[in-house]
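In my numbering, the protein residues as written are 35 to 408. The structure under discussion appears below in the form of structure tokens.
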Amino acid sequence: MINTKHFLIGISLLCLFSQTIPAQSFDIYISDAGNFNNPPWQILKFDQNGQNGVVFTTEHLAWPQDIVFLEDKNEMLISNLNSGEISRHNATTGAYINSFATGISGPTRMKIGPDSLLYVLQWQGDGKVRTYNLDGTFAGNFTQTNVTNSIGLDWDNSGNLYVSSYNGKYVRKFSPAGFDLGNFISTGLQGPTNIYFDDTGDLVVLDYVANVVKKYNSIGDYKGVFITAMPKAEGVDFLPNKNILMGCGPASSIREFAPDGSFVKTFILGGTLGLKTPNAVVIRHETISKTKDIAQDTKLVIPNIGDVFQLAEIDSNSFAAPLELINVQGVIIRKIQLSSSSTIDLSDLPIGTYYLVGKLKSGTSVRQKLIVQH
């Protein structure tokens, strides 16, 4: 992974000044489950204002559930419950390429984990959380416990995995190694779909059957209703201003909420482009294209695992722009200016995989994969 030929060794120490990156251009993708196990099914695409929508693809869909983009490959993955397949599509055109993975017992939610594996939930079968390398090869079962009708997942800042059970009406907790830690939430849910941790460490649960969104603290105690009158909530993602986009089934629409849960507006009107049953909302930032021209892996910091990193001895004059820290979704998290310090402190970031990317004056792009662990 080490290649320092583009740098002059031993010149000045480097360092950094971190800042949050302002809002970037993005598109919004919606999975439409149509009549659930019966078509029509489609993936819709809208601009960042929820306008200029198009039918992005209808190819090879069978009750689509979730969408994940693999930016370095320009691929879009779609989980299909009916066929037990994750289909691979061209991320620019939506055209079907081939199967990413098959033989899954009703794949629902998918997410790239802290270890850069794709985590996939199963609606049926043994209810284990499956993992895949990003080339589609099976990496093994992460869990050994049957979580029935699994349909929501997220990680806390300690790397524990949480999985929601729709019919079981609970949320299960697993250690970073996949060991079963029992139910995190056992009562009070009627039919959870998506789950996510907010900036305060609370777990937010979309309760599809109860028609509300609920909050629980970091030890699983119920805090109350976060969003009221949100019927059949499924599919969620976050705008750069931290507002929340959420699918509303009966209204066939996408609604926008402020970070405090207050209603802002209907972001995508009901029935637009034939939208019937939104079950995934995925934001794709244009800045992810910055990861596509990366030519080679280079040691920029040491070590590559932890939360405080030392910069390697490299020549700041060889860079054409500040370094950028990019998450696995391709979103720029920070820009790193060169100054007099020699450490990068990422202790405020969630655990997971990131890329440190630099552009040299020669035109070459370089990167290093970092794993943030606390």
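Cβ atoms here follow ideal geometry from the backbone N, Cα and C, with glycine treated the same way. The structure presented is a predicted model; accordingly, all values stated were derived computationally and were not measured.
A distance below 8 Å separates the beta carbons of isoleucine 64 and leucine 309. Rounded to the nearest angstrom, the Cβ distance from glycine 305 to serine 286 is 5 Å, consistent with a contact under 8 Å. Just measuring C-alpha positions, the residue of Ser296, Gly364, Leu334 sitting nearest serine 350 is Leu334.
Rounded to the nearest angstrom, the gap between the Cα atoms of tyrosine 130 and tryptophan 97 is 15 Å. Every beta strand (DSSP E) stretch that sits fully inside the segment 99–143 and reaches 3 residues is listed by chain position as 109–114, 119–124, 130–135. Boundaries of the beta strand (DSSP E) harbouring proline 312: 312–319, taken from the DSSP string. Of the residues Asn108, Glu105, Asp100, Asp149, the one whose Cα lies closest to the Cα of glutamine 156 is Asp100.
When the beta-carbon positions are compared, aspartate 241 and leucine 223 come within less than 8 Å of each other. Non-local beta-carbon contacts of glycine 159 in its own chain, meaning distances under 6 Å to residues more than five positions away in sequence, involve Ser139 in chain order. Ser209 is the residue among Thr127, Gly128, Ser209 whose C-alpha sits nearest the C-alpha of valine 163.
Put simply, the backbone Cα of asparagine 116 is about 20 Å away from that of serine 198.
Straight-line spacing of the CA atoms in leucine 187 and serine 396 works out to 42 Å. Threonine 377: member of the beta strand (DSSP E) spanning 377–379, first to last residue.
Judged by DSSP in its simplified three-state form, asparagine 351 adopts helix.
Inclusion of isoleucine 229 and valine 238 in the CB contact set at 8 Å is warranted, their separation being smaller than that value.
By DSSP's assignment, methionine 280 forms a beta bridge with Val270, Arg289. Following the DSSP letters along the chain, one finds isoleucine 366 inside the beta strand (DSSP E) bounded by residues 366–370. Judged by their CB atoms, leucine 78 and valine 89 are nearer to each other than the 8 Å cut-off. Sequence-distant Cβ neighbours of alanine 346 in its own chain, meaning closer than 7 Å and more than five residues away, are Lys333, Leu334, Val335, Ile336. For threonine 262, the three-state secondary structure derived from DSSP is coil. Around the beta-carbon of glutamate 320, fewer than 16 other beta-carbon atoms lie within 10 Å, marking it exposed. The beta carbon of lysine 257 sits closer than 7 Å to those of Asp236, Lys249, Tyr250, Asn251, all from its chain and outside the five residues before and after it, given in chain order. According to the DSSP assignment, threonine 306 belongs to no beta strand (DSSP E), since it is labelled neither H nor E.
The shortest C-alpha to C-alpha distance from threonine 227 to any of Gly212, Thr171, Val205, Leu307 is the one to Val205. By the C-beta density criterion, proline 312 is buried, having at least 16 other C-beta atoms within 10 angstroms. DSSP places leucine 383 outside any beta strand (DSSP E), giving it a letter other than H or E.
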